[in-house]
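Chemist:
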Amino acid sequence: MALNTRGLAPPANRIPLPLQPLPPRLYLSENAFLGVVLAAVEVFNKECLGILTGYRSGGSGIVVQRAVALQSAARTPREVRPNKAARGRVRQALASLSTLERPLGWFHSHPNQRLEPALHRLSPTDGASLEVGEIEVLAAIWPRRRSQPWSYNPRTHTLSGSLGDYNLKLSAWLKADAQHRPVALEIYCPFAHGYEELTGSAS
398 MALNTRGLAP PANRIPLPLQ PLPPRLYLSE NAFLGVVLAA VEVFNKECLG
448 ILTGYRSGGS GIVVQRAVAL QSAARTPREV RPNKAARGRV RQALASLSTL
498 ERPLGWFHSH PNQRLEPALH RLSPTDGASL EVGEIEVLAA IWPRRRSQPW
548 SYNPRTHTLS GSLGDYNLKL SAWLKADAQH RPVALEIYCP FAHGYEELTG
598 SAS
């Protein structure tokens with residue numbers, strides 16, 4: 398006879414799994430959004446690279462205020478390598494500013510190749526290069542085939558739309574610890590959500 402076990406406590410030898418906290422939401426300001434997408438457009442079809450600054454809002458939010466492209470990075474269509482000395486100078490300069498903003502992480506782009514789509518996920522090398530606690534905003538970019546209103550897809554955690562002659566798909570990642578891969582973050586960008594496409598037509 399089947400027993401009704403509904404409402405019964407778990408066996409004493411079964412240890413309940415701890416609840417995993419939800420990853421924080423990433424808030425992308427207008428300045429940061431434009432910094433990322435314009436850097437990706439500028440060097441297409443090579444990869445761009447830059448630093449993200451902002452602050453953490455308690456345990457539930459990361460606010461990215463600015464995205465500053467690193468001009469000295471070595472770029473190819475398949476990878477971008479930072480100038481370590483230049484990157485260190487930028488971080489040191491940011492730390493000396495009397496502002497609440499602090500370095501949060503990095504952004505870079507993945508342009509499409511001739512026979513390959515632009516990837517909106519971090520490569521294993523991308524993930525390994527992140528330090529614990531850092532975030533990465535990734536911009537997949539390819540030539541526009543049709544106009545696409547800017548919108549957020551909660552299933553893929555991506556923000557997509559058209560900018561001039563290009564389509565872009567943004568994703569954000571957090572490296573919470575050294576044992577696991579970076580996790581995808583929810584992106585919230587009021588500026589992007591307010592446009593059908595970034596050609597001057599506000600919705």
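In terms of my numbering, the sequence shown opens at residue 398 and continues consecutively. We put the beta carbon where it would ideally sit given N, CA and C, even for glycine. On a predicted model such as this, the values are computed, not experimentally measured, just so you know.
Which residue comes first and which comes last in the beta strand (DSSP E) that contains Pro508?
Modeler: Unbroken beta strand (DSSP E) run through Pro508: 499 to 508.
Chemist: What is the DSSP secondary structure of Lys566, counted as helix, strand or coil?
Modeler: Strand at Lys566.
Chemist: So for Asn550, helix, strand or coil by DSSP?
Modeler: Correct three-state label for Asn550: strand.
Chemist: Any idea if Thr555 is buried or exposed, counting beta-carbon neighbours within 10 angstroms, 16 or more meaning buried?
Modeler: Its Cβ being crowded by 16 or more others within 10 Å, Thr555 is buried.
Chemist: Checking 8 Å against the spacing of the C-beta atoms, do Val461 and Leu425 come in under that value?
Modeler: Yes, these two residues count as a Cβ contact at 8 Å.
Chemist: Please report the distance separating the alpha-carbon of Gln576 from that of Ile532.
Modeler: Answer to the nearest angstrom: the Cα atoms are 16 Å apart.
Chemist: Identify the continuous alpha helix (DSSP H) that holds Gly524 and give its terminal residues.
Modeler: Where Gly524 is concerned, the enclosing alpha helix (DSSP H) stretches over 521 to 526.
Chemist: For the alpha helix (DSSP H) containing Pro421, list its first residue and its last residue.
Modeler: Per DSSP, Pro421 belongs to no alpha helix (DSSP H) and is neither H nor E.
Chemist: Between the alpha carbons of Ala492 and Arg542, how many angstroms are there, rounded?
Modeler: Using only the alpha carbons, I get a separation of about 42 Å.
Chemist: Would you mind stating whether Cys586 and His505 have Cβ atoms separated by less than 8 Å?
Modeler: Contact flag unset, no.
Chemist: Alpha carbon to alpha carbon, how far is Ile441 from Pro508?
Modeler: A small fix is needed here, since residue 441 is Phe in this sequence, not Ile. Straight-line Cα distance between these residues: approximately 7 Å.
Chemist: Near Leu396, what residues of its chain come up, given a Cβ to Cβ distance below 6 Å and the 5 sequence neighbours on each side ignored?
Modeler: Any answer about residue 396 is impossible in this case: the structure gives the chain only from 398 up to 600.
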